[in-house]
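A.B. asks: All you need for my numbering is the position in the sequence shown, starting with 1, plus 44. All C-beta atoms in this analysis are idealised placements derived from N, C-alpha and C, irrespective of residue type, glycine included.
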Amino acid sequence: MSPPRIKYTVRLPADLARQVADHARARRASQTAVIEAALLSFLSPDGSDRLEAAVTRRLDRLTRQFERLEWHVDLSNETLALFIRSWLTSTSPLPDSALQAAQAMGKERWESFVEALTRRMEMGPRLKSELSHEVSRSDSG
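#1: Please go through the same chain and pick out, in chain order, the residues whose beta-carbon is closer than 6 Å to the beta-carbon of residue 138, but skip the five residues on each side of it.
#2: Taking DSSP as the reference, what is the three-state secondary structure of residue 102?
#3: Span of the alpha helix (DSSP H) holding residue 76?
#4: Measuring straight from C-alpha to C-alpha, what distance separates residue 62 and residue 55?
#5: Is residue 135 helix, strand or coil by DSSP?
#6: Could you check the C-alpha separation between residue 158 and residue 92 for me, to the nearest Å?
#7: If you draw a straight line from the C-alpha of residue 149 to the C-alpha of residue 109, how long is it?
#8: Hey, quick one: how far does the alpha helix (DSSP H) through residue 162 stretch, first residue to last?
#9: I need the straight-line Cα distance from residue 50 to residue 97, nearest angstrom please.
#10: What number of angstroms, rounded off, separates the C-alpha of residue 167 from the C-alpha of residue 173?
#11: Could you check the C-alpha separation between residue 104 and residue 111 for me, to the nearest Å?
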């Protein structure tokens, strides 16, 4: 035999009542069951501890993701800096007579590069995945 039940009559704001009804419909449960579960969770002494633990786990996961992202950004910055230093030390400046033609060609090549980069970012595979695939092929071959 189930324990006796006491009837409560409460007034909820219309939007909250709609949320309860939507949630009950989505879970295929009664609105009473949804409200009981919400009250049990709210009144549970360890409810706040569970919530804090869940938030802590999520923050830890975000921290690890951020650290990986930071490492990749540092790697990209160092790669770019090394390339620029190498290029600047190995490329001599152009004479004034060739400067205008070189700037026009540079602008054209830059626009071509930006178009290719845009296409690649929108739909193509990332260089990282291509490189890891090539490395794994060369390791196994």
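C.D. replies: This is what the structure holds:
#1: Here residue 138 refers to the residue found at position 94 of the sequence shown. Same-chain partners within the cutoff: 146.
#2: Along the sequence shown, read from residue 1 onward, the residue named residue 102 stands at position 58. Of the three classes helix, strand and coil, the one that applies to residue 102 here is helix, per DSSP.
#3: The sequence position of residue 76 within the sequence shown is 32, counting from 1. Note, residue 76: alpha helix (DSSP H), 75 to 87.
#4: Working through the sequence shown from its first residue, we reach residue 62 at position 18. Working through the sequence shown from its first residue, we reach residue 55 at position 11. If I take the Cα positions, the gap works out to 13 Å.
#5: Walking along the sequence shown from the start, residue 135 turns up at place 91. Residue 135: coil per DSSP, three-state reduction.
#6: The residue you call residue 158 lines up with position 114 of the sequence shown. The residue you call residue 92 lines up with position 48 of the sequence shown. Cα to Cα, residue 158 sits roughly 51 Å from residue 92.
#7: By one-based count along the sequence shown, residue 149 stands at place 105. By one-based count along the sequence shown, residue 109 stands at place 65. Each residue's Cα considered, the two are about 41 Å apart.
#8: By one-based count along the sequence shown, residue 162 stands at place 118. Here the alpha helix (DSSP H) through residue 162 covers 140 to 167.
#9: Taking the sequence shown and counting its residues from 1, the one referred to as residue 50 is at position 6. Taking the sequence shown and counting its residues from 1, the one referred to as residue 97 is at position 53. Those two C-alpha atoms are separated by around 33 Å.
#10: The count along the sequence shown starts at 1 and reaches residue 167 at position 123. The count along the sequence shown starts at 1 and reaches residue 173 at position 129. C-alpha separation (whole angstroms): 13 Å.
#11: As a working mapping, residue 104 is identified with position 60 in the sequence shown. As a working mapping, residue 111 is identified with position 67 in the sequence shown. For residue 104 and residue 111, the distance between alpha carbons rounds to 11 Å.
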